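Q: Here our numbering is used: the first residue of the sequence shown is 6, the next is one more, and so on.
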Amino acid sequence: MGCISSKNAVSVPQASDPSGIVRDLRERSDPISASWRGHRGHLSAKQTEKVQPEREEGDGNRLESRENGKVSTDDTGLQNLRLRNLHRYIEGEQVAAGWPSWLSAVAGEAIQGWVPLKADSFEKLEKIGQGTYSSVFKARDLDTGKMVALKKVRFDNFKPESVRFMAREIKILRMLDHPNIMKLEGLIASRLSQVLYLVFEYMEHDLAGLSTSPDIVLSESQVKCYMKQLLSGLEYCHSRNVIHRDIKGANLLINNDGILKVADFGLANLCRPGHKQPLTSRVVTLWYRAPELLLGSTDYEATVDLWSVGCVFAEMFAKRPILRGRTEVEQLHKIFRLCGSPPEEFWQKLKLPHATIFKPHHPYKSTLHQTLSHLPRTVVCLLENFLSVEPYKRGSASAALDSEYFREMPYASEPSSLPKYSPTKEMTIKNQESLRRRVSGSQESMRKPSEVDIRKLAGSKKELQLHAEEVSKHYDPEELPRLDGETRLFVDLQPMPSIKCPDVQHTKHNPQPDFTFSGSLCVSSSSGFSWARRLEEDHAYRKSHRQCSSRSNLSHIKDSSGIEHIKQELEIKGAANSDLVGGQKRHESQELAKCTILKKCSQQSEHPKSLDTSKVFRLHDNSEALHKGDPLSMQHNYPGFHKEDRVEFSGPLLPQTCKFEEFLQKHEHQICQEVRRSWFRRDRSTVTNSLLAHKFALISAAVKDSCILKIQ
Ligand SMILES: Nc1ncnc2c1ncn2[C@@H]1O[C@H](COP(=O)(O)OP(=O)(O)OP(=O)(O)O)[C@@H](O)[C@H]1O
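If you want it as structure tokens, here you go:
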């Protein structure tokens, strides 16, 4: 028992370095190792030294030929050979240190200089968070008694690209060392499983939970305190060329001492000046996504984080997210309505890929001042900067920290003086809400789910129609038909969520539509730019997929062990609900457990094997493109991939109002077809009894009804 520390770390055997360039390469490929020294779980300086063999004489020749400025083919071949040997050498060294070979082979650089911690050094407690491809657990470090958060990442059949995404997060986390940035304390890995745990300090709250809780009123100096910490953390990241690309309240964790830390660097990237390369625009959770990203920019800067900061800042006053679009086009429309549309020079200067589609015919005027008129002047000024549609007007985190807002009274509180709260994690609130909802609504939704959903659908369609009318006021009707190739039909069977937010556009590289009876049905005949995605989008997709709760729940139910999984999940939920005290709440939680298991079991039988999100990575492999996180289109990367095979989980790019009904009718048939096709393809083998056949008939009827309602 006990973690591996310098005292009991796995000793790394001496290895020879025939190529003689180990140290050379280490120095080049491990710029972060310096910051790891003194870290628990790293190879001690002594051990590292021990495995550093002396350089061989051959090195001199190598340098000489470089100096001459010419590298012969022989030299190149030799160098490649040496490089390969070196990689094998480092891999061997890491495996000897206890790392699984699948991790070392793909993410050697990320784990360089560390030894894995042992799982039995921690006592795993309840689940406290759910990420796209990770679950987060509270745990106790048995050596120190300290609480930690264990982020458990499960990899997709050792698919190198999924490991590489995680490696990038680890590498970036290791580079950063700041009081307002979540510190990675170590990694737990096992040679026998494909699971990796990231060990973090435990944080009791997140800002989304605090700012949207109806029971919590944040004082001005408290808001200032959080803003100061957030901006300090970001200032540090940006100074190290790290763009976070997913700033939102749920990723800003706060502990009981009032310290805020920026967490979740899963989408972060390094953007060194002078090494510019195109970046994906498919990042940042939709409600916090800057307009240039929505317009398809691939040449953006750290200012995208400042836009998100503006949204978070405003959210603390509004007590709810301020820009809650359900689709990219709606998000942009909401942004223009609040912040005004950009001037002509913006469109001309930035030449953004989607500008011709989204440029409004009639400019929108900013309503920011009227909307925020009740807030102090300095708050409005700062918000105006952050929420500038033109990125270059947003300033920087350092400039914001120097602004008048922080210099005027009331000053920012000291973190330690802030009130202590009971757990307010976004997840806790979601759990409590769904508990309430399910307990009251479970009977109805289980008996007549289709009616409930259809009613929701009707409301949702009405909203969309209103939205379409408003859009058409600002867009040239001549321009809108251009959207034809892009038109997507959004059939949301769920009402607008109050706290959870939809994430990035959900592009699933799967020829089958994702249909969930109690969740969202989003079917599309999309094509065009939306398919030109890079691999990072897959990552983003996974993140977003989780956030659509219905889908993420169902994504567990993808194999025959689904029921087992549900049971496990309920066990965890049960533990999580142990926070709730009192008999009544315990009773409610039992009710919830019962409802969930029944509902999930019925879903399981209805949707066998239909929701395998892992297909995202089961495409024609093109490792080179994946390596680079290539921004080039998926079509280029995956030649065998057909546009028409895809179904997009996305919101609409709305056509003009006059065509709205026509548009719906046009797609109605397609929806029904897609849904049926999906059902037949997937369920053919399993629809073997009358119960399932009956359920299928019911759902078909529901879909038909929903289509009728939709065009009314
Ligand atoms: N150190 C921590 N202490 C407490 N809770 C944490 C910690 N780290 C993460 N969590 C919880 O787990 C949730 C998911 O973690 P995280 O965002 O890192 O995972 P992810 O897979 O990257 O998620 P997402 O898909 O939202 O980006 C967080 O929203 C948070 O509530």
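For each residue, glycine too, the CB sits at the ideal point set by N, CA and C.
None of these values were measured; they are calculated from a predicted model.
Pair every Cβ in the region 206 to 222 with every Cβ in the region 307 to 322, then say whether three or more of these pairs are closer than 8 Å.
A: Counting Cβ pairs under 8 Å, three or more are found: they touch.
Q: Comparing the CB of residue 148 with every heavy atom of ligand 1, is any distance shorter than 7 Å?
A: Counting from one through the sequence shown, the residue named residue 148 turns up at place 143. It does not: the Cβ of residue 148 is nowhere closer than 7 Å to a heavy atom of ligand 1.
Q: With a threshold of 6 Å on Cβ separation, who are the neighbours of residue 368 within its own chain once the five nearest residues in sequence on each side are excluded?
A: Within the sequence shown, numbered from 1, the residue matching residue 368 stands at position 363. The residues are 346.
Q: Please report the Cβ distance between residue 151 and residue 130, rounded to the nearest whole angstrom; I am assuming they are in contact, meaning their Cβ atoms lie under 8 Å.
A: Taking the first residue of the sequence shown as 1, we reach residue 151 at position 146. Taking the first residue of the sequence shown as 1, we reach residue 130 at position 125. So it is not a contact: roughly 13 Å between Cβ atoms.
Q: Might you give, ordered along the chain, the residues of its own chain that have their beta carbon closer than 8 Å to the beta carbon of residue 421, omitting 5 neighbours on each side?
A: Counted from its first residue, the sequence shown places residue 421 at position 416. Hits under 8 Å: 262, 263.
Q: Please state whether DSSP places residue 385 in a helix, a strand or coil.
A: The sequence position of residue 385 within the sequence shown is 380, counting from 1. Reduced to three states, the DSSP call for residue 385 is helix.
Q: Using the rule of at least 16 other Cβ atoms within 10 Å of the residue's Cβ for burial, across every protein chain shown, is residue 85 buried or exposed?
A: Within the sequence shown, the letter at position 80 stands for residue 85. Exposed, because fewer than 16 other Cβ atoms sit within 10 Å of the Cβ of residue 85.
Q: With a threshold of 16 other CB atoms inside 10 Å of the CB of residue 134, please say whether the residue is buried or exposed.
A: Translated into the one-based positions of the sequence shown, residue 134 becomes position 129. Buried, because 16 or more other Cβ atoms sit within 10 Å of the Cβ of residue 134.
Q: Taking 8 Å as the threshold, find out whether the region 231 to 246 comes into contact with the region 401 to 417 through three or more Cβ pairs.
A: Yes: the two stretches touch, three or more of their Cβ pairs being nearer than 8 Å.
Q: Report the three-state DSSP secondary structure of residue 190 (helix, strand or coil).
A: One-based indexing of the sequence shown puts residue 190 at position 185. Strand.
Q: Is DSSP giving residue 185 helix, strand or coil here?
A: Taking the sequence shown and counting its residues from 1, the one referred to as residue 185 is at position 180. Three-state result, residue 185: coil.
Q: Does ligand 1 have even one heavy atom less than 7 Å from the beta-carbon of residue 232?
A: Walking along the sequence shown from the start, residue 232 turns up at place 227. Not under cutoff, so the answer is no.
Q: Which residues bound the alpha helix (DSSP H) around residue 310?
A: Within the sequence shown, the letter at position 305 stands for residue 310. Here the alpha helix (DSSP H) through residue 310 covers 308 to 323.
Q: Quick check: the region 174 to 185 against the region 105 to 116, are at least 3 beta-carbon pairs closer than 8 Å?
A: Enough Cβ pairs lie closer than 8 Å, so yes.
Q: Quick check on residue 374: does DSSP put it in helix, strand or coil?
A: By 1-based counting over the sequence shown, the position of residue 374 is 369. Helix at residue 374.
Q: Nearest to residue 284 by CA position, among 276, 146, 328, is which residue?
A: One-based indexing of the sequence shown puts residue 284 at position 279. The shortest C-alpha separation from residue 284 is found at 276.
Q: Note the first and the last residue of the continuous beta strand (DSSP E) segment covering residue 155.
A: Residue mapping note: residue 155 aligns to position 150 of the sequence shown, counting from 1. Unbroken beta strand (DSSP E) run through residue 155: 152 to 159.
Q: Indicate whether residue 121 and residue 192 have their beta-carbon atoms separated by less than 8 Å.
A: Looking up residue 121 in the sequence shown gives position 116. Looking up residue 192 in the sequence shown gives position 187. In this structure, residue 192 lies closer than 8 Å to residue 121 by Cβ.
Q: How is residue 413 classed by DSSP in three states: helix, strand or coil?
A: Translated into positions along the sequence shown, residue 413 becomes position 408. Three-state result, residue 413: coil.
Q: Residue 97 by DSSP, collapsed to three states: which one?
A: Counting from one through the sequence shown, the residue named residue 97 turns up at place 92. Reduced to three states, the DSSP call for residue 97 is helix.
Q: Per DSSP, what kind of secondary structure is residue 394 in: helix, strand or coil?
A: By one-based count along the sequence shown, residue 394 stands at place 389. Residue state, collapsed to three classes: coil.
Q: Report yes if the CB atom of residue 309 is closer than 8 Å to the CB atom of residue 186, and no otherwise.
A: Locating residue 309 in the sequence shown gives position 304, counting from the first residue. Locating residue 186 in the sequence shown gives position 181, counting from the first residue. Their beta carbons are not under 8 Å apart, which means residue 309 does not touch residue 186 by this criterion.
Q: Which runs of the beta strand (DSSP E), 3 residues or longer, sit entirely within the region 243 to 277?
A: Listed in chain order, they are 257 to 259, 265 to 267.
Q: On the DSSP bridge assignment, give the partners of residue 206 in chain order.
A: Translated into positions along the sequence shown, residue 206 becomes position 201. According to DSSP, residue 206 bridges with 153.
Q: Tell me the rounded alpha-carbon separation between residue 311 and residue 227.
A: Taking the first residue of the sequence shown as 1, we reach residue 311 at position 306. Taking the first residue of the sequence shown as 1, we reach residue 227 at position 222. Going by the C-alpha atoms only, they are around 20 Å apart.
Q: Rounded to a whole number of angstroms, what is the C-alpha to C-alpha distance between residue 353 and residue 156?
A: Residue numbering aside, residue 353 sits at position 348 when the sequence shown is read from its first letter. Residue numbering aside, residue 156 sits at position 151 when the sequence shown is read from its first letter. About 44 Å.
Q: Which value, in whole angstroms, describes the spacing of the CA atoms of residue 158 and residue 208?
A: Position 153 of the sequence shown, counted from the first residue, corresponds to residue 158. Position 203 of the sequence shown, counted from the first residue, corresponds to residue 208. Approximately 19 Å, taken between the alpha carbons.
Q: Please indicate yes or no: does the CB of residue 217 lie closer than 7 Å to some heavy atom of ligand 1?
A: The residue labelled residue 217 in the question sits at position 212 within the sequence shown. Residue 217 Cβ: outside cutoff for every heavy atom of ligand 1.
Q: Assuming residue 363 and residue 291 form a contact by the criterion Cβ under 8 Å, report the distance between their Cβ atoms to the nearest whole angstrom.
A: By 1-based counting over the sequence shown, the position of residue 363 is 358. By 1-based counting over the sequence shown, the position of residue 291 is 286. Going by Cβ atoms, the distance from residue 363 to residue 291 rounds to 15 Å, so no, they are not a contact pair.
Q: I'd like to know whether the C-beta atoms of residue 395 and residue 351 end up nearer to each other than 8 Å.
A: In the sequence shown, residue 395 corresponds to position 390, counting from 1. In the sequence shown, residue 351 corresponds to position 346, counting from 1. Yes. Within cutoff.
Q: Taking all protein chains shown into account, decide if residue 315 is buried (16 or more other Cβ within 10 angstroms of its Cβ) or exposed.
A: The sequence position of residue 315 within the sequence shown is 310, counting from 1. Burial call: buried.
Q: The alpha helix (DSSP H) that contains residue 128, what's its start and end?
A: Walking along the sequence shown from the start, residue 128 turns up at place 123. Unbroken run through residue 128 is the beta strand (DSSP E), 127 to 135; no alpha helix (DSSP H).
Q: Leaving aside the five residues before and after residue 411 along the sequence, list all residues of the same chain whose C-beta is less than 7 Å from its C-beta, in chain order.
A: Indexing the sequence shown from 1 puts residue 411 at position 406. Cβ within range, chain order: 229, 233, 417.
Q: Is the CB of residue 345 under 8 Å away from at least one CB in chain D?
A: The structure shown has no chain D; it contains just one protein chain.
Q: Name the two residues that bound the continuous beta strand (DSSP E) containing residue 145.
A: For the purposes of this step, residue 145 is taken as the residue at position 140 of the sequence shown. Its beta strand (DSSP E) spans residues 139 to 146.
Q: Going by C-alpha to C-alpha distance, which of 313, 389, 324, 408 sits closest to residue 219?
A: As a first step, residue 219 must be located in the sequence shown, where it is residue number 214. Per the Cα distances, 324.
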